[in-house]
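Okay, so here's the structure we're looking at.
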């Protein structure tokens, strides 16, 4: 499905790309959202974004599966945890995330 924002925050009732427009644009798989599956906020005020990088569940985009940590106090990306083929094989689809802080 064609869309321009993978992760957004609501600002005055309108969607705003989060954490910024760059992460929501097409680009290198490791540093852009491909197909976000879930978002979770932990008790430290971090947003965790799980990106299985498998559009329409048709197979992963190489280098794309990742877990992204964003500090909600600063809206800054803190960490990107890539998942290699040993964790996310070609036909996989990462689903949900649990964070223990």
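Residue numbers (this note's numbering): 1465 to 1565.
Note that beta-carbon positions come from the ideal geometry of N, C-alpha and C, so glycine has one too.
Given the structure is predicted, the values throughout are model-derived calculations rather than measurements.
Looking at C-alpha atoms only, which residue of 1540, 1537, 1565 and 1531 is the closest neighbour of residue 1552?
1531
When you compare only the Cα positions, how much space is there between residue 1562 and residue 1504?
8 Å
Taking the DSSP output, what are the residues bridged to residue 1481?
1472
Whole-angstrom C-beta distance between residue 1492 and residue 1558, which should lie under 8 Å
About 19 Å; that fails the 8 Å criterion.
Cβ neighbour criterion (16 or more within 10 Å) applied to residue 1475
exposed
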